[in-house]
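Each remark here refers to the structure printed beneath this line.
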Amino acid sequence: MAITRIVQLPRIKETILPFENITKCCKPAAASAWIVVEILGVHTSEACVIGCLLKDCIALDNQSRMIRRLRAKLAIERRESAAIKKEHEGIQVALEASHKTIAGLTEIGLSMSKKIERMKAKKQQAREAIWREKASLLQTIQGLQEENDDPAPFDDEWEEEAEEEPEEEGL
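Residue numbers (full-length UniProt numbering): 1 to 171.
Right, dumping it as structure tokens:
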């Protein structure tokens, strides 16, 4: 009967137990890999093979841990990427709405400018009509004054007679 050592990876815990007919066993890439190594009656070449198996198991265990860490990191990156993408889509929608609003306001501003220009043109036409009417009235007044042989020519200034306000009597 041979005495064997069981080594648990990754936390190296050792237990010496009697096993029969077991020379080597390796279960790599598991959460806790067990390596069973026969201690008594091991030849040098077998010890070398067992050492290589032990190194391979440790390397595989390290690789599996690295893969788990990388998968976890990848999952985190994917979640962050999805959140950023969702935020980007929201910003894109807001930006499109903003562009539509700006376009609408620009259109309103242009229509208001056109209306203002039309109103200015109408105002100018009204002023010109008033000036023509005034000139016509002045000519009519001057013509009437000449017919009546009024010596004072009419000027543009209107003289208003001051209206006398009745004085209020005190009580």
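Backbone N, C-alpha and C define an ideal beta-carbon position, used for all residues, glycine too.
The DSSP-derived three-state label of N62 is helix. Rounded to whole angstroms, the gap between the alpha carbons of A135 and I141 is 10 Å. Burial state of I50 is buried, judged by a 10 Å Cβ sphere holding 16 or more other Cβ atoms.
Within 10 angstroms of the beta-carbon of C57 lie 16 or more other beta-carbons, which makes it buried.
Here the C-alpha atom of R78 lies approximately 22 Å from the C-alpha atom of Q63.
E117 and W131 have their C-alpha atoms roughly 21 Å apart. Here D56 carries a helix assignment [DSSP, helix/strand/coil]. With fewer than 16 other Cβ atoms from the protein chains shown falling within 10 Å of its own Cβ, D149 counts as exposed. Rounded to whole angstroms, A103 and M112 show a C-alpha spacing of 14 Å. Taken atom to atom, the span from the alpha-carbon of K100 to that of I76 is near 36 Å.
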